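Visitor:
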Amino acid sequence: MVTYLLFVGFNALKMLTTADPKDHDAVLSTAVLCAKGLRDQSRFYYIAEAIFMVLRDSMDPSAAHLLKDFAHIEDEEERKQLVAKQVQSVYPVNIISIADDPEKQRLSRLVEAYTGLGLDSGAESASERSFAE
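Structure below.
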């Protein structure tokens, strides 16, 4: 279930940049529903919660606000730090094509970047590793 939500959710985020204006709401609702599904799955294990956080943090502010209202999400900064410490995963997130570089998309790297833990002094910022690539 998590893999399906992950694939569809990140694909919807990519489609938002090129979607027809008439299809924008449908694509946005797909991304929000996938994020909510990941959040619901996160009640059972950390990897779903970590992927949810990466997907949510990849959304533009208006989509993230819509998700927050729809899923009744409170400020989770403390929880975000805990998940970042618990997730030790090389699971590649948002890999659509064989040409995509899995090293930049490893879950533990993405979670560290989004929680501000940093990887090293020369690490790319989260925005530089945007999922819009």
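All the letters of the sequence shown, read from the start, carry residue numbers -19 to -1, 1 to 114 under mature numbering (1 follows the signal peptide of the UniProt record, and there is no 0).
By construction, the Cβ of each residue, glycine as well, lies at the ideal position given by its N, Cα and C atoms.
These numbers come from a predicted model, not from an experiment.
State buried or exposed for residue 29, treating a residue as buried only when at least 16 other CB atoms are found within 10 Å of its CB.
Guide: So residue 29 counts as buried.
Visitor: Apart from the five residues on each side of it in sequence, which residues of its chain come closer than 6 Å, Cβ to Cβ, to residue -15?
Guide: Cβ within range, chain order: 15, 18 and 19.
Visitor: Identify the continuous alpha helix (DSSP H) that holds residue 55 and give its terminal residues.
Guide: Neither: residue 55 is in no alpha helix (DSSP H) and is coded neither H nor E.
Visitor: Who are the Cβ neighbours of residue -1 in its own chain at under 7 Å, not counting the five residues just before and after it?
Guide: Contacts found: 8.
Visitor: How far does the alpha helix (DSSP H) with residue 24 in it extend, from its first residue to its last?
Guide: It is not in any alpha helix (DSSP H) - residue 24 carries neither H nor E in the DSSP assignment.
Visitor: Locate the alpha helix (DSSP H) running through residue -6, then write down its first and last residues.
Guide: It spans -18 to -4 - the alpha helix (DSSP H) in which residue -6 sits, taken as one unbroken run.
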